[in-house]
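So the structure is just underneath, and the comments pick up after that.
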Amino acid sequence: MFTRRAAIAASAGLALAGSARAAGPVAPSLDEFLKKPALRGAALSPDGKRIAVVGETWEGGKRNAYIEVIQTDDPNLARSHVPVGDHDVEAVSWANDERLLLRTARKISDFERKHANWSGDIERGRIRRLLSITAEGRDPKVMFADELPLHLTNTNLATIADMLPEDPQHVLMLAMLAARVNLYRVNVNTGAAELVERGGPQTNGWEFQNGRAVLRWDFLSTGGYGSILSRPEGETDWKVVRKIHQSELFKPDFSILGDFGEPGVFLVATRGGDDAMATIRKWDVRTGALGDIVAQRPNLDVDDALFDQDGKFAAAQFIDDRVVYDFAVKKLAPHYRGIDGFFSRECNVSISNLSRNHNRCLMHVSGPRLPGAYYYYDLETRHLENLGLMRPWLTEDRLAKVELLDVRLRDGGAMRAYLTVPLASGPRPLVVLPHEGPEKRDSLSYHLFAQVFAAQGWLVLQPNFRGSSGYGREFADAGRRRWGDRMQEDVEDAVAYVLASGRADPARVAIWGRGYGGYAALMGAVRNPNLYRCAVSVAGLSDLPRALYDTRRGGRADDPYYLHWARTLGDPKTDAAMLERASPARRASEIKSPVLIIQGLDDNFVGPIQSQLMANALKAARRPHDHIELRGMGHSDWEDEDERFVLKTSIDFIAKGFA
272 MFTRRAAIAA SAGLALAGSA RAAGPVAPSL DEFLKKPALR GAALSPDGKR IAVVGETWEG
332 GKRNAYIEVI QTDDPNLARS HVPVGDHDVE AVSWANDERL LLRTARKISD FERKHANWSG
392 DIERGRIRRL LSITAEGRDP KVMFADELPL HLTNTNLATI ADMLPEDPQH VLMLAMLAAR
452 VNLYRVNVNT GAAELVERGG PQTNGWEFQN GRAVLRWDFL STGGYGSILS RPEGETDWKV
512 VRKIHQSELF KPDFSILGDF GEPGVFLVAT RGGDDAMATI RKWDVRTGAL GDIVAQRPNL
572 DVDDALFDQD GKFAAAQFID DRVVYDFAVK KLAPHYRGID GFFSRECNVS ISNLSRNHNR
632 CLMHVSGPRL PGAYYYYDLE TRHLENLGLM RPWLTEDRLA KVELLDVRLR DGGAMRAYLT
692 VPLASGPRPL VVLPHEGPEK RDSLSYHLFA QVFAAQGWLV LQPNFRGSSG YGREFADAGR
752 RRWGDRMQED VEDAVAYVLA SGRADPARVA IWGRGYGGYA ALMGAVRNPN LYRCAVSVAG
812 LSDLPRALYD TRRGGRADDP YYLHWARTLG DPKTDAAMLE RASPARRASE IKSPVLIIQG
872 LDDNFVGPIQ SQLMANALKA ARRPHDHIEL RGMGHSDWED EDERFVLKTS IDFIAKGFA
């Protein structure tokens with residue numbers, strides 16, 4: 272279907288594999304896993320004629336960032352090299368067919384943390400800016416160039432709200448002013464910004480049609496419930512069209528995907544009406560009514576949507592262990608099947624950019640043993656080209672394979688789990704890795720923590736227990752109010768499945784988790800004191816009644832945020848005994864194995880009080896434990912040093928437990 276030149280290009284990144292096989296492959300070190308990627312990002316121009324690839328090299332401790340611009344009309348894909356210097360370029364995109372936008376970042380200094388009057392959240396500890404340059408690397412302009420007050424008060428001046436495909440000389444961007452999010456039209460040629468609209472006290476952002484804001488998000492800074500307001504074409508005032516809980520934005524209950532191309536109509540991922548699975552539906556911004564189904568599958572929640580460079584809907588994305596698409600642009604389907612087959616249907620082939628004529632696309636390809644690569648494909652010539660590997664030193668033969676497990680549950684149900692198998696042979700120690708959420712899911716993908724643990728010679732088990740997303744409403748709802756029993760039973764059944772296979776050493780089993788996974792690790796140590804040799808909880812809940820109490824803003828029992836979590840965890844009025852029994856901090860005396868608790872003090876999602884309660888309970892029960900609090904670390908998107916510390920500390924703790 273397409274040329275095999277891609278195979279030759281891909282083999283260059285695997286050159287080390289051949290030489291390593293002679294002596295046997297060696298699992299990567301922690302330093303190799305955490306080494307900065309050689310490629311940071313790539314983007315296809317709207318007309319499909321050029322690709323920009325951002326990479327970096329290091330020399331003498333100094334970063335040398337660069338951009339390679341590839342001419343796709345050239346049969347040899349000629350490249351030009353544009354040096355950027357010592358800048359952390361996190362992402363690249365095309366403002367139009369001629370100019371690039373680079374998102375740069377640097378750390379906030381201790382002096383700035385102490386003295387600057389920053390607006391917004393500084394949990395991530397970085398200052399981000401957006402730079403516009405020509406594709407030839409000339410005429411650099413910083414966005415908001417003349418807005419010094421914004422630069423002095425905003426940690427993040429790099430958020431693009433809309434690319435304005437109808438106006439290629441401008442983009443819409445967000446910035447904080449006087450504690451409010453405002454909307455600006457910014458000239459990509461000069462960096463000059465013009466205020467378009469002021470947000471309300473709770474405004475987080477907008478959605479657009481034809482460059483005009485027609486939807487607005489308003490949420491309290493503390494999260495919880497908020498409103499979607501609409502202002503359709505021809506109207507001047509905002510009106511509330513839907514009340515929504517913030518958690519819905521991160522799961523498929525109701526998530527706006529993009530403009531459908533009809534006036535006043537957007538596409539949303541939703542389990543609206545009687546839909547058993549999350550589907551893509553039309554949504555009328557005037558009435559808030561759900562309309563026709565645009566895409567659905569009978570056994571999977573929709574995960575996302577693909578839009579072309581002009582913002583037109585091209586495909587629905589699902590996770591069926593790997594990324595799969597249902598294409599609205601029908602001509603893409605046979606080409607995608609061929610590309611997927613080229614990668615032996617073992618990788619996630621995600622389309623990053625699709626040209627406006629749908630003839631060229633840029634793809635990010637990753638898998639359990641491929642930490643990421645960028646590929647270009649031309650539908651007319653059927654040519655597939657490897658543009659580069661993100662971490663070429665992590666070769667396929669050095670990384671652990673991942674197997675799919677179909678686990679039969681004790682009540683007759685079924686569950687998918689993933690087992691990462693180390694290079695070492697014989698019965699291996701087993702680390703159980705329940706995911707966050709809990710309404711998220713694991714998939715067949717490159718997972719840093721699973722690969723790092725497997726590199727220690729440990730099997731790693733990732734179960735998609737009930738309560739996970741991706742498998743429909745019934746599967747997700749089966750975990751509600753069942754944190755302490757059914758969801759734990761599913762994890763236990765997955766562990767029993769692996770142990771019964773004889774591949775894991777039953778005397779060396781540990782459990783590690785973050786967020787909900789941290790709770791599951793603590794609860795697992797309570798329920799299975801003779802199974803787990805140790806448990807690690809990173810930012811895990813430990814006392815459910817206290818967690819529910821803390822959601823009652825102003826002490827109100829009718830607070831919508833509180834009511835949401837009462838439906839998820841349990842109602843303290845009717846489920847008090849269940850909530851206490853499902854709280855690891857209230858059952859610390861039942862734990863026998865050592866426990867490691869790690870908590871970021873800047874975590875705005877799981878407050879440090881939850882880890883403190885667990886540590887105090889373990890201390891009172893005289894159970895072995897370590898409690899580490901890290902200043903400046905939030906719930907996720909950690910700084911490099913935080914990630915390194917958590918991994919190294921966890922490895923040492925688990926290894927000691929296995930000894």
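Numbering (the working numbering), first residue to last: 272 to 930.
Even glycine gets a Cβ: it sits at the ideal position worked out from N, Cα and C.
Remember, predicted model here, so these are calculated numbers, not experimental data.
Among H516, A926, D682 and L850, nearest to P232 - alpha-carbon criterion: Only positions 272 to 930 of the chain appear in the structure, and residue 232 is not among them; the question remains open.
Inter-residue spacing [alpha-carbon to alpha-carbon] between K919 and F720: 11 Å
For W488: DSSP bridge partner residues: G476 and I499
Cβ contact check for the stretch 648–655 and the stretch 741–749: 3 or more pairs under 8 Å: no
Contact under 8 Å by Cβ, P663 with A791: no
Environment of V228 [buried if 16+ CB atoms lie within 10 Å]: Residue 228 cannot be examined here, being either before or after the span of the chain that is shown, 272 to 930.
Cβ distance (whole Å) where P639 is taken to contact L690 below 8 Å: 11 Å between Cβ atoms; not a contact.
Cβ neighbour criterion (16 or more within 10 Å) applied to F613: buried
Limits of the alpha helix (DSSP H) - the one that K927 falls within: D911 to F929
Proximity winner among S316, I338 and D318, relative to G326 (alpha-carbon distances): I338
Bridge-paired residues (DSSP) for H352: E339
Touching by the beta-carbon criterion (3+ pairs, under 8 Å), the stretch 545–557 and the stretch 568–578: yes
Buried or exposed (CB count within 10 angstroms, at least 16 for buried), A277: At A277, the pLDDT of 41 sits below 50, so the modelled position is not reliable and the matter cannot be decided from this model.
CA-to-CA distance, P296 to D668, given in whole angstroms: 6 Å
DSSP state of R751 mapped onto helix, strand, coil: coil
Distance, I398 Cα to L421 Cα: 12 Å
Residue burial classification, F876 (beta-carbon count within 10 angstroms, cutoff 16): exposed
Closest residue to N460 among L372, F724, R400 and W909 (Cα-Cα distance): L372
Inter-residue spacing [alpha-carbon to alpha-carbon] between W488 and L694: 48 Å
Three-state class that DSSP yields for Y803 in the structure shown: coil
Coarse secondary structure for P734, derived from DSSP in three states: strand
Bounding residues of the alpha helix (DSSP H) (the contiguous stretch that carries F932): Residue numbering for the chain in the displayed model covers 272 to 930; residue 932 lies beyond these limits and cannot be assessed.
Three-state class that DSSP yields for D438 in the structure shown: coil
Beta bridge counterpart(s) of K333 as assigned by DSSP: E330
Where A560 sits in the DSSP three-state scheme: coil
Cα-Cα separation between T558 and D829, rounded to whole angstroms: 27 Å
Residues that DSSP places opposite R699 in a beta bridge: A775
Proximity below 8 Å, CB of Y647 to CB of L658: yes
Length at least 4, wholly inside the stretch 839–891: the alpha helix (DSSP H) runs in chain order: 847–852 and 879–891
Presumed contact (8 Å Cβ cut-off) between E478 and F537, rounded CB distance: 7 Å
Cα-Cα separation between G905 and N628, rounded to whole angstroms: 42 Å
Cutoff 8 Å: L701 Cβ touching any chain D Cβ: Protein chains in the displayed structure number just one, and chain D is not present.
Sequence-distant residues of its chain with Cβ nearer than 7 Å to D410 (five each side left out): I404
Three-state secondary structure assigned by DSSP to W365: strand
Residues bridged to G659 (per DSSP): Y645
Selection from L625, M634 and E912 that minimises the alpha carbon distance to N619: M634
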